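Heads up, the thing below is written out as structure tokens.
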Amino acid sequence: MDPVWLHLLVFIFGYVTCQTFYFIKSTRVSLKLMKSSRIIYLLMMAKAIEKYKIAEGVMMVHLKESGQDERVIESFVRGMEEETNAFKSKSINQLISDTPSTFRDILGFHDWNSAMEYLLTHQDEAFKFWRLKE
53 MDPVWLHLLV FIFGYVTCQT FYFIKSTRVS LKLMKSSRII YLLMMAKAIE KYKIAEGVMM
113 VHLKESGQDE RVIESFVRGM EEETNAFKSK SINQLISDTP STFRDILGFH DWNSAMEYLL
173 THQDEAFKFW RLKE
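FYI, the numbering for the sequence shown is 53 to 186, going by the numbering used here.
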């Protein structure tokens with residue numbers, strides 16, 4: 053075999069190998085980015101629920117101080133609970149529907165409770181995002 057062909061074959065092998073490793077590396081980075089974005093989304097939703105509960109507490113104090121009867125307070129609590137549950141359900145369903153179908157199997161959760169468990173198991177990444185842990 054002529055050395056020119058040998059050099060050409062080695063070049064082609066090197067090029068294909070380089071492209072293959074680049075593809076594998078970029079796939080790994082993409083999957084990490086998707087995982088981080090899910091964690092950040094879940095953090096934002098948990099923070100929103102936290103702020104929602106704080107607002108509910110402030111409103112409860114206002115209702116009690118203004119002398120509202122128990123029926124109004126119970127109606128308010130029931131309404132807030134329904135809104136909170138709807139928010140949780142819609143936020144998780146939106147995340148699942150926005151996830152491409154090929155990646156839904158590795159999502160790791162399907163409802164709010166399992167999403168919070170997922171967030172708890174990945175709390176180190178969440179703390180790094182908020183810069184609470186180096």
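Just so you know, even glycine gets a beta-carbon here, dropped at the ideal spot from N, CA and C.
The structure presented is a predicted model; accordingly, all values stated were derived computationally and were not measured.
- Here the alpha carbons of isoleucine 91 and tryptophan 182 stand approximately 11 Å from one another.
- For leucine 60, the enclosing alpha helix (DSSP H) begins and ends at 55-117.
- By the Cβ test, the segment 84-100 is in contact with the segment 153-171, since at least three Cβ pairs between them sit closer than 8 Å.
- Here DSSP, grouped into helix, strand and coil, assigns threonine 154 to helix.
- For tryptophan 164, the enclosing alpha helix (DSSP H) covers residues 164-173.
- The shortest C-alpha to C-alpha distance from glutamate 169 to any of Ala138, Glu126, Val124, Ala98 is the one to Ala98.
- A direct Cα-to-Cα measurement between serine 82 and serine 89 gives close to 10 Å.
- Secondary structure at glutamine 146: helix, using DSSP grouped into helix, strand and coil.
- Rounded to whole angstroms, the gap between the alpha carbons of proline 55 and phenylalanine 63 is 12 Å.
- Taking C-beta separations shorter than 8 Å and ignoring five residues to either side along the sequence, the partners of lysine 116 in its chain run Ile125, following chain order.
- The C-alpha of lysine 140 lies about 11 Å from the C-alpha of leucine 147.
- Here phenylalanine 128 carries a helix assignment [DSSP, helix/strand/coil].
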